[in-house]
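Chemist: Sharing a structure with you now.
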Amino acid sequence: MLMVALLAFLVALLLIAALALLRSARVGRRRTGLPPGRVIYADTGAWGRCERPLFSRRHLLTGKPDYLVEEKGRLIPVEVKPTVSPPAPYRSHVLQLAAYCLLVEEEYGRRPPYGIVKYRDRAFAVEYTPQLQAQLLNTLADMRSRLSADDVPPSHANPNRCRRCSYREVCGRSLAN
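Take 15 as the starting number for the sequence shown in my numbering and just add one per residue.
Okay, structure coming up:
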């Protein structure tokens, strides 16, 4: 009788522990800003080794989204930013996400319906529309034409952007002193 009671107690304890672990995993997942589904690509190092970059031969573009989640047969790229969210996602972040959508479509043959930009305190779902794809392709064409130019002026007049730029030491046009 004592053995049965002890066994029942241990089973109950294991069930409670399993439920606590499941709840902890759900809370952790919610904090990442990831949609429900299976993570099939991760570039954060937090979930294992980092994946190879996605590549588009047609657009000569490469990139590594932080996560790629498969949800109901759809592929959703997720870009995580460590900063507090602005009122709306920055244009550069939206275009970065659009680039990941384009790369996912090229690599996997499935067009993502949207992607997610996750800031520290908020996530934005960004619809991957034909208009956004056109903006991305126009931006890429503009960047390529500037790369072939002899003299490329800065795209801004903000010294703070230059201070945070990893190319400021070699730029020659840095506004940061």
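Every residue gets a Cβ at the ideal spot worked out from N, C-alpha and C, and that includes glycine.
From a predicted model like this one, the values you see are computed outputs, not experimental measurements.
1) Is the number of C-beta pairs between the stretch 102 to 112 and the stretch 137 to 149 that are closer than 8 Å three or more?
2) Suppose you measure from the CA of Arg125 to the CA of Pro100; what does that come to, to the nearest Å?
3) With C-beta atoms as the reference, is Val131 less than 8 Å away from Pro96?
4) When the Cα atoms are used, what is the spatial distance from Leu48 to Glu121?
5) I'd like the span of the beta strand (DSSP E) that includes Ala56, first residue to last.
6) Report the CB separation of Val98 from Asp135 in whole angstroms; it is logged as a contact under 8 Å.
7) List the endpoints of the continuous beta strand (DSSP E) containing Leu68.
8) Grab the span of the beta strand (DSSP E) containing Thr76 for me, first residue to last.
9) Expressed to the nearest angstrom, what Euclidean distance is found between the alpha-carbon atoms of Val118 and Pro91?
10) Three-state secondary structure (DSSP) at Tyr81?
11) Please go through the same chain and pick out, in chain order, the residues whose beta-carbon is closer than 6 Å to the beta-carbon of Gly51, but skip the five residues on each side of it.
12) Report the rounded CA-to-CA distance for Arg182 versus Leu189, giving the unit in angstroms.
Modeler: By the coordinates alone:
1) yes
2) 27 Å
3) no
4) 21 Å
5) 52 to 56
6) 6 Å
7) 68 to 70
8) 75 to 77
9) For Val118 and Pro91, the gap between their C-alpha atoms comes out near 8 Å.
10) strand
11) Val83, Glu84, Glu85
12) 9 Å
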